[in-house]
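Colleague: Converting from the sequence shown to this note's numbering requires adding 12 to each position, the first position being numbered 1.
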Amino acid sequence: MLRILFYIPPFLMNIITGLIFFVPARRLAAANESAVAVAAAMSAWAVTYTITSITLGFIQNKKNAVKLILLGQALSIIALCGLLAVENIKLQYYWLLLTGFSTVLFYCPFQVIMSALEKGEKGTAALIRSTSFYTFSWSLGLAAGPVAAAGIWSCFNPATGWKYCYIFCIFINVIITTICLFLHSYVKKVNQEEEKIREEEKKETQISSCTEKAQKLPDFAIDGWAIGIGGYLSVYMLRALLPYRGEVIGLSNTQIGILIGMIAFMQAVTAFTLYKSRTWMYKPIPVLIPLAGGIIGLVLAATLTNFYVLFCAMFVYGIFSGIFAWDMIYHAIAIEAKRPKYVAVNETIVGGFGILSPLAGGFFATPEKSGLPFLIGAFFLVLTAIFHVCYTVRKKGECPR
Numbered sequence: 013m014l015r016i017l018f019y020i021p022p023f024l025m026n027i028i029t030g031l032i033f034f035v036p037a038r039r040l041a042a043a044n045e046s047a048v049a050v051a052a053a054m055s056a057w058a059v060t061y062t063i064t065s066i067t068l069g070f071i072q073n074k075k076n077a078v079k080l081i082l083l084g085q086a087l088s089i090i091a092l093c094g095l096l097a098v099e100n101i102k103l104q105y106y107w108l109l110l111t112g113f114s115t116v117l118f119y120c121p122f123q124v125i126m127s128a129l130e131k132g133e134k135g136t137a138a139l140i141r142s143t144s145f146y147t148f149s150w151s152l153g154l155a156a157g158p159v160a161a162a163g164i165w166s167c168f169n170p171a172t173g174w175k176y177c178y179i180f181c182i183f184i185n186v187i188i189t190t191i192c193l194f195l196h197s198y199v200k201k202v203n204q205e206e207e208k209i210r211e212e213e214k215k216e217t218q219i220s221s222c223t224e225k226a227q228k229l230p231d232f233a234i235d236g237w238a239i240g241i242g243g244y245l246s247v248y249m250l251r252a253l254l255p256y257r258g259e260v261i262g263l264s265n266t267q268i269g270i271l272i273g274m275i276a277f278m279q280a281v282t283a284f285t286l287y288k289s290r291t292w293m294y295k296p297i298p299v300l301i302p303l304a305g306g307i308i309g310l311v312l313a314a315t316l317t318n319f320y321v322l323f324c325a326m327f328v329y330g331i332f333s334g335i336f337a338w339d340m341i342y343h344a345i346a347i348e349a350k351r352p353k354y355v356a357v358n359e360t361i362v363g364g365f366g367i368l369s370p371l372a373g374g375f376f377a378t379p380e381k382s383g384l385p386f387l388i389g390a391f392f393l394v395l396t397a398i399f400h401v402c403y404t405v406r407k408k409g410e411c412p413r
């Protein structure tokens, strides 16, 4: 029961994130703003997300993690109230800056305390289970966000329906805060128990044994970051510019929401199926196959306009999305001594490419070439595949068996 409760906040938080990615961009696209202006909505969120990620790498730890999460929830409610209040679509950008700050104050600290749930369990299996459940939870939330936004919006006047989306998010924030207040006491208790064990026993203990096993795993964080860079570069182009492309080719709000949601839904399903993983993340071929599917999905999204074909393209791409998201998280938390800094690097990549990728894609997109950014994303995935093969082959001798 506690495990279920522990993984509810990432699900709920990414409903908010998915909605924030969708609603401002869709409002801008419906107002016939340029592709750059539409993409800049996500980039505004990503600016503060990136800067804060870098800072958190130096200050976050198990003791202050939940307090940072609670601070983020308070700021998230303020930002959502601001988005709810502004009618001028250009003023959205200022409040989106604050949402980036509040969002990273959830995800970075949460990954630091994930091991608290696996207290008393040893080795790689616990890490893999945590990675799968966490990735499944936040991915499912990201899938639900745009679908929920499209559904809520369609129930009201098209000119004002977006306001009810933000009211829904504020309600979710209150639920997350309530759960985190409960988790605060639990995590604090676990931290106190770990400190007591370290003081009383200097020899091998259950806790140190788990840490030692994790540290014996090879450090493949660079490979995880490389795959994550290729993945986030392309997925941000899709999330930021599908509303623009959808407007160009005549898709409805609901159809666009379904396409964006399908990426994260398949990401969630894929992550969940990986909870029995063993060694595939250290080998070239198991990543190359879904990576090829990601390339195919991007090419289809760039060149075809039929909704059902695009649905299949996002289905295939979503599988790759699950692989790269899971892989990057796993390699960041596998080495416990480096976990706070590696997690911060992860979130810096998430935020950094949230700035660069949508803006670059928006720069290349025109009404006549609205799919061009997706082809650029496919090209970078080819480069990612080449790097992954070279890196894993070079470190073949370090792979666990």
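Here a beta-carbon is modelled for each residue, glycine too, at the ideal position from N, C-alpha and C. Given the structure is predicted, the values throughout are model-derived calculations rather than measurements.
Could you pull out every unbroken alpha helix (DSSP H) segment of at least 4 residues lying fully inside the region 309-391, listed in chain order?
Modeller: Runs of the alpha helix (DSSP H) inside the region 309-391: 319-345, 351-376.
Colleague: If we call anything under 7 Å between Cβ atoms a contact, is residue 53 one with residue 77?
Modeller: Going by C-beta atoms, residue 53 is not nearer than 7 Å to residue 77.
Colleague: On the three-state DSSP scale, how would you describe residue 399?
Modeller: It is helical.
Colleague: Do you know offhand how far residue 99's Cα is from residue 171's?
Modeller: Their backbone Cα atoms lie some 10 Å apart in a straight line.
Colleague: How far does the alpha helix (DSSP H) with residue 259 in it extend, from its first residue to its last?
Modeller: Its alpha helix (DSSP H) spans residues 233-261.
Colleague: Round the Cβ separation of residue 178 and residue 366 to the nearest angstrom and send it over; I've been treating them as touching at under 8 Å.
Modeller: The pair is not a contact, with the Cβ atoms about 20 Å apart (cut-off 8 Å).
Colleague: Keeping to the same chain, check which residues put their C-beta closer than 6 Å to that of residue 230; ignore five residues upstream and five downstream.
Modeller: Excluding sequence neighbours, residue 230 sits near 410.
Colleague: Given residue 227, which residues of its chain have a CB within under 8 Å of its CB, disregarding the five upstream and five downstream residues?
Modeller: The predicted position of residue 227 is uncertain, since its pLDDT is 47 and thus under 50; no value can be drawn from it.
Colleague: What residues in its chain sit with their C-beta under 6 Å from that of residue 68, if we drop five residues either side in the sequence?
Modeller: Correct list, in chain order: 120, 356.
Colleague: Which whole-angstrom value describes the C-beta separation of residue 326 and residue 239, a residue pair presumed to lie in contact below a C-beta threshold of 8 Å?
Modeller: In fact, because the Cβ distance is near 19 Å, the residues do not count as touching under 8 Å.
Colleague: Quick check: what's the CA-CA separation for residue 387 versus residue 295?
Modeller: Each residue's alpha carbon lies about 27 Å from the other.
Colleague: Roughly how many whole angstroms lie between the Cα atoms of residue 174 and residue 165?
Modeller: Each residue's alpha carbon lies about 5 Å from the other.
Colleague: According to DSSP, is residue 265 part of a helix, a strand, or is it coil?
Modeller: In this structure, residue 265 counts as helix in the three-state DSSP scheme.
Colleague: Under 7 Å, do residue 252 and residue 370 count as touching if we go by C-beta distance?
Modeller: The answer is yes: Cβ separation under 7 Å.
Colleague: Along the alpha helix (DSSP H) that carries residue 57, what are the first and last residues, could you check?
Modeller: Unbroken alpha helix (DSSP H) run through residue 57: 47-71.
Colleague: For the alpha helix (DSSP H) containing residue 169, list its first residue and its last residue.
Modeller: Segment: none, residue 169 is in no alpha helix (DSSP H) and carries neither H nor E.
Colleague: Go to residue 103, then tell me how far its alpha helix (DSSP H) extends in each direction, as first and last residue.
Modeller: Residue 103 -> no alpha helix (DSSP H), and no H or E assigned at all.
Colleague: Closest by CA to residue 122, which one among 373, 358, 96?
Modeller: The shortest C-alpha separation from residue 122 is found at 358.
Colleague: When we look at the beta-carbon of residue 190 and count the other beta-carbons within 10 Å, is it buried (16 or more) or exposed?
Modeller: Classification of residue 190: exposed, given that the 10 Å Cβ count is below 16.
Colleague: Where does residue 289 fall in DSSP's three states?
Modeller: Residue 289 falls in the coil class under three-state DSSP.
Colleague: When DSSP labels each residue in this structure, what does residue 176 get in the three-state scheme?
Modeller: Note: residue 176 maps to helix in three-state DSSP.
Colleague: Expressed to the nearest angstrom, what Euclidean distance is found between the alpha-carbon atoms of residue 51 and residue 158?
Modeller: About 16 Å.
Colleague: Out of 408, 142, 49, point me to the one whose CA is closest to residue 289's CA.
Modeller: For residue 289, the nearest C-alpha among the options comes from 142.
Colleague: Please state the DSSP three-state secondary structure of residue 411.
Modeller: Coil, per DSSP.
Colleague: Return the chain-ordered list of same chain residues with a C-beta closer than 6 Å to the C-beta of residue 156, the five sequence neighbours on each side being excluded.
Modeller: 27.
Colleague: What does the alpha-carbon distance come out to for the pair residue 249 and residue 86?
Modeller: Between residue 249 and residue 86, the C-alpha separation is close to 29 Å.
Colleague: What residue does the alpha helix (DSSP H) around residue 26 start on, and which one ends it?
Modeller: From DSSP, the alpha helix (DSSP H) with residue 26 extends over 20-42.
Colleague: Can you tell me whether residue 405 is buried or exposed, with buried defined as 16 or more other CB within 10 angstroms of its CB?
Modeller: The residue is exposed, with fewer than 16 neighbouring Cβ atoms inside 10 Å.
Colleague: Is DSSP giving residue 230 helix, strand or coil here?
Modeller: If DSSP states are grouped into helix, strand and coil, residue 230 belongs with coil.
Colleague: So for residue 76, helix, strand or coil by DSSP?
Modeller: DSSP places residue 76 in coil when its eight states are reduced to three.
Colleague: Would DSSP call residue 296 helix, strand or coil?
Modeller: Looking at residue 296 - three-state DSSP - the assignment turns out to be coil, as it is neither helix nor strand.
Colleague: Go ahead and pull the three-state DSSP assignment for residue 17.
Modeller: Three-state DSSP puts residue 17 in a helix.
Colleague: Determine, using beta carbons only, whether residue 57 and residue 139 come nearer to each other than 7 Å.
Modeller: Contact: no.
Colleague: Return the residue from the list 324, 261, 335 that minimises the CA-CA distance to residue 7.
Modeller: As shown, the chain starts at 13 and ends at 413. That puts residue 7 outside it, with no answer to give.
Colleague: Roughly how many angstroms lie between the CA atoms of residue 163 and residue 181, to the nearest whole one?
Modeller: The straight-line gap from Cα to Cα measures roughly 14 Å.
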